[in-house]
Structures are given as C-alpha cells and as structure tokens.
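In the numbering used here, the protein residues as written are 367 to 870. Every residue gets a Cβ at the ideal spot worked out from N, C-alpha and C, and that includes glycine.
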RNA sequence: GGUCGGGUGGCCGAGCGGCUAGGCAGUGGUCUGCAAAACCUCGUACGGCGGUUCGAAUCCGCUCCCGACCUCCA
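This is the structure:
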C-alpha cells in the first residue's frame, strides 16, 4: 500500500503530491471558530473534514501536530477594519457578561458539539487572547520590516508596499492586485486612517468603551483579526509548516492577509499546502449565521427546526458529510439526510456481519478473493487521491454486498483466503471508525456494562420467541417483534437464526 | 460590476476524453409463517447550441441558469 498521497493545493490550484517538510511528520493549522455564538452546521462540516484529514494522515503513520485556534478577540462586526465592534465585546455588552464569559460559554459549546460528532481534539488549541505578546511582537516585526504604518495609535499593514516588493499578494485567492488597489467601494471611503483601501488593521486602538484592551507600544488596544493565526501558527508550527486549512470563505481576505503578515514579519510564506473546504448549503444557499440561513447541531439532532422532519443522529450527519468531497458544496436537505441514515445503517450492519464471519481455515485464492484484495487496495487509493471519502465509501459499499453474500451463502468463504478475510475485517474497522471517525449506533449503546446486559436480555427474548415460532404461535412471535420494534429494536430472522439491531 | 466555482438519472452525490461510481427511492424476482433485512434483476443521466476528436458528461467557444468571494461568517 505505497501510493503517494495527493492533495489539492489552493495555492497552485492543482493536485500535488504531498511531501512533508520533515520526514514522517506533519504540521497542520486549521482556522477555528470565533466564539461569539453557537456553532452552526456549516462550521461543523469544515471541522469534520479536517478531522478526517487528520485521522487519515495519522493512519498513514505521520506524526501530526494539529493546531486549531479559538478566536476570542479582534474579530469585528461590519465591513471595516475599525469602527465595527468586536464580536465578543458586542455579545458581552448585549448579554451583560464579561467577554471571557462569552468566550467560555461558546468554547464549551463548541467542544461539546465536536465531541458528539466524534471529532478528535487538536494537538494544540491556542486562543488569541493568550497570545497578545506574540501578536505585538509580530506587529513590531512587520513595522521593522517596513510593511506597516502607525496611524493614530492603530497599526495597518501596507499592502501597497507589500505588492510592490513581493509577488505574493493575491496569489492565494486568485485576486488581481490591480483590482484590489483600485478598490472604490463606497463602504471604504470613510476609512480615512488607511492609506489604501486594501490595507488592513493589525493593531487597533481601543475606543474608550471597548472592554477588551491591552497595552502595546502604539496604544491601549487589541490585535487585528488576521493576526492571531499568523502569530499562533508561527509559534507552534514554525515559520513554514505543511498544511494550512480553513473554510473557503476565509480565503479572502483572512488567509491572504495571513500570508502577507507572515512574509511581512519573517520573510517566509506560512504553509506549503493550503486546503479549503467548501460550504455547506441549506436550500441551495450558503449556510450562514449572518443571514439566518442556518441550523444548529442541536436542532438537527432533536429535529427542532422547520428544515428537518425529525432528529438525526450525529453519526448520520457525519456519514452524510463523508458522502461528498470536502471540496464540493454540499446541500443539506431532509430527504438527503433520510437517505444518509439508511446508508449509514447498511454499512454498519454489514460491518457487524463481517466481524462475525468465522473462517474455517481453508480458502482459495479465487477470483472472488482477488477482487476483494483489489477493493481493499482501492479504498486506500481513493483516500490517497485528495481524501476522496465518497469514493472510498463507494468501494466499502461494494464490499458490503460481498459481505452479505458471504453471510447469505451466495458466495462461499472457501473462496476467500483466511488472510484476506482478516484484512477485510481490519480495513472496515480501520476506515469506518479510525479514519472516518464513525461510531456504530446501530449496536448496543450506553457503555460496555449496559451492552453486555442488553445482549444477554436479547438472547433470552429471541430464545423465547424461537419457542413460539416452533409451536407456530404467530401472535406471540409477532407481538414480541412488534413491541421491540416500537422500542427501536429490530429483529431480523435469517436462515442462521435471529439477529437484532437498534434504530438510530 | 470584478474574480472563482457549479449545472450529472426521481433525490443526494462521485467521475472530468473511451471501461459509463455509490447511497436513497422505484421495478420485477428469490428467501420468509408473514414481515423486515439480505441477495438477484431492470432503469444509459450528464443545462442549451456549436466545435475539436476515431470517440466528450469529461477539452474549446458561445449561451442560459445557480452559487461563492470581493463586506462579518467554516
């Protein structure tokens, strides 16, 4: 299984072979949320996507340092670098809370959602407010290098100078520098402190009523929005690292400005590979906090939202996301979720069947065996092609049919080598759980102790029903099946006996 | 207005020059006490119009829609 991993690099707009800076290690930075309100599902898609990327890199044997920040200061409302109110501050004012209470509340909420979605915590989760010193240092470096200027206590990044002296600005977002320089939007006219419309604040002097403020060489103020990512990625991953990720709505201006800040302060572009996830849509439109077209994870799980007919399990949501590529938009609809729920159940039950298959020890290298071997390899090939989870999943579904045929006797285990079966069992476990990060909710839930109890109880019930069936006592047999069905436990009669699964 | 990305069978969603994924729904079967599940079967889709090519959903041109970014959002 030695294929090369290829990833789509936003910087080159091409799929490139991934080569880490340090053999066997990967440094990855992903822009995390601004914690001023509940995460919505769109945010979750990005973090689930990078969770799978993180998991797969780890699966490949890389030692990954995954840094995902929490932005808790500096992110302004509105369309200007100054004049807009800090999002955290605004929320604090409206709810009469300390800014850090706001931050704490939504950070905890974010972590809870990440946990139910089974997203692994990052290696480091730095906060902007914990890195004010690093950010001030970076502003100073930018000033020292001549790429910034001070105006009335605020510091701005001089994009005009940066453009003249380097060829970086606009490269990532594919923007034409001339367009940026000749920006004439009405909104920008009143930003008199800036020398150019495309300049952006890296340090902002706090107005008297502004609650979050720190001492700096230029003013009592706070850092600009883009700065924290530059400062923290540099601190934890170095001046140049492997992968920088985020939602593609951050490409401009956030990421473009980040690149400028890094080069402006230390002369190096931050990341070799930029990965951008595409937007989650709802009703064909971008899911967005600001225009109200959004649904929270909570609402999706409970069904308490007009856009869904029922609640969906977090794992169904995760599976739904895996069925599309992270680089494509994904439209969230009720029927699509319904379909995902069935598909999720099918693959999980196939895995249960697979893990229960017992090999007698004698198996030939038949055509079937060869095909399974090929498909096992194919799963890896698909994932190595820019983390193509929908294609990898498609191969797993093909294998699910084979698994069910083996169980049903249409295919014979004697045509499968014991090692092949073992590999297949391993691949399903590895990919379903370790790489895709799914959990099997069709199986027994509620902790291991309860699982054992549940299994024991079900064995008894199935045994009793078997007795009823043998005496052709159909009313009793059906009563048991129907009552269990109402409780969310489905019985499946088969030639080998009766098995059961739980609804999700 | 500028820049970028899309339009794929009933729905979702891969593919991105020939081998025409996958899931869900639907069809007709097998199995079953009945059902469910499972298995088998059927279903040739790529917005429109031209062009390049032996061959195009895939490349090029035009055109019509849709979305994203350009201003806060993952």
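Residue i versus residue j: straight-line alpha-carbon distance, rounded
i           : j           : result
residue 404 : residue 454 : 12 Å
residue 726 : residue 742 : 21 Å
residue 465 : residue 588 : 13 Å
residue 702 : residue 852 : 24 Å
residue 489 : residue 600 : 15 Å
residue 552 : residue 517 : The pLDDT assigned to residue 552 is 42, lower than 50, so where the model puts this residue is not dependable, and the model offers no usable value.
residue 740 : residue 430 : 29 Å
residue 674 : residue 648 : 11 Å
residue 859 : residue 687 : 32 Å
residue 344 : residue 654 : Outside the modelled stretch of the chain, which goes from 367 to 870, sits residue 344, for which no answer is possible.
residue 698 : residue 481 : 21 Å
residue 645 : residue 652 : 6 Å
residue 525 : residue 434 : 27 Å
residue 369 : residue 747 : 7 Å
residue 730 : residue 780 : 6 Å
residue 617 : residue 641 : 10 Å
residue 532 : residue 603 : 24 Å
residue 663 : residue 583 : 43 Å
residue 443 : residue 561 : 21 Å
residue 856 : residue 839 : 19 Å
residue 660 : residue 694 : 18 Å
residue 789 : residue 723 : 13 Å
residue 679 : residue 476 : 17 Å
residue 471 : residue 829 : 50 Å
residue 795 : residue 816 : 22 Å
residue 862 : residue 807 : 24 Å
residue 383 : residue 749 : 13 Å
Element boundaries [alpha helix (DSSP H), containing residue i]
i           : result
residue 471 : 465-482
residue 916 : No statement about residue 916 is possible, as the shown extent of the chain runs from 367 to 870 and does not include it.
residue 501 : 498-510
residue 867 : Run containing residue 867: none in the alpha helix (DSSP H); it sits in the beta strand (DSSP E), 863-868.
residue 709 : 700-722
residue 769 : 755-774
residue 749 : 733-750
residue 412 : 407-425
residue 860 : Where residue 860 is concerned, there is no enclosing alpha helix (DSSP H), although the beta strand (DSSP E) it sits in stretches over 855-860.
residue 625 : 622-632
residue 848 : 840-852
residue 431 : Segment 429-434 is the beta strand (DSSP E) holding residue 431; no alpha helix (DSSP H) there.
Beta-carbon spacing of residue i, residue j below 9 Å
i           : j           : result
residue 417 : residue 486 : yes
residue 611 : residue 396 : yes
residue 390 : residue 427 : yes
residue 514 : residue 677 : no
residue 682 : residue 870 : yes
residue 867 : residue 809 : yes
residue 473 : residue 436 : yes
residue 758 : residue 797 : yes
residue 691 : residue 607 : no
Start-to-end residues for the beta strand (DSSP E) that takes in residue i
i           : result
residue 647 : 646-648
residue 523 : 520-523
residue 589 : 587-589
residue 643 : 637-643
residue 608 : 607-613
residue 566 : 566-571
residue 393 : 391-396
residue 374 : 372-375
Environment of residue i [buried if 16+ CB atoms lie within 10 Å]
i           : result
residue 668 : exposed
residue 409 : buried
residue 763 : exposed
residue 771 : exposed
residue 500 : buried
residue 374 : buried
residue 591 : buried
residue 544 : exposed
residue 461 : exposed
residue 387 : exposed
residue 672 : exposed
residue 498 : buried
residue 826 : exposed
residue 457 : buried
residue 586 : exposed
residue 705 : exposed
Closer than 8 Å: residue i CB and nearest the ligand PLP heavy atom
i           : result
residue 844 : Absence of the ligand PLP from the depicted structure is noted, as is the absence of any ligand whatsoever, leaving it without description.
Check your understanding: Can at least three beta-carbon pairs, one atom from the segment 592-606 and one from the segment 617-633, be found at a separation below 8 Å?
Key -> yes
Check your understanding: Can at least three beta-carbon pairs, one atom from the segment 705-719 and one from the segment 775-783, be found at a separation below 8 Å?
Key -> no
Practice item. Could you tell me whether the segment 420-440 touches the segment 626-637, using the rule of 3 or more Cβ pairs below 8 Å? Key: no
Check your understanding: Does the segment 517-533 come close enough to the segment 568-575 to have 3 or more Cβ pairs within less than 8 Å?
Key -> yes
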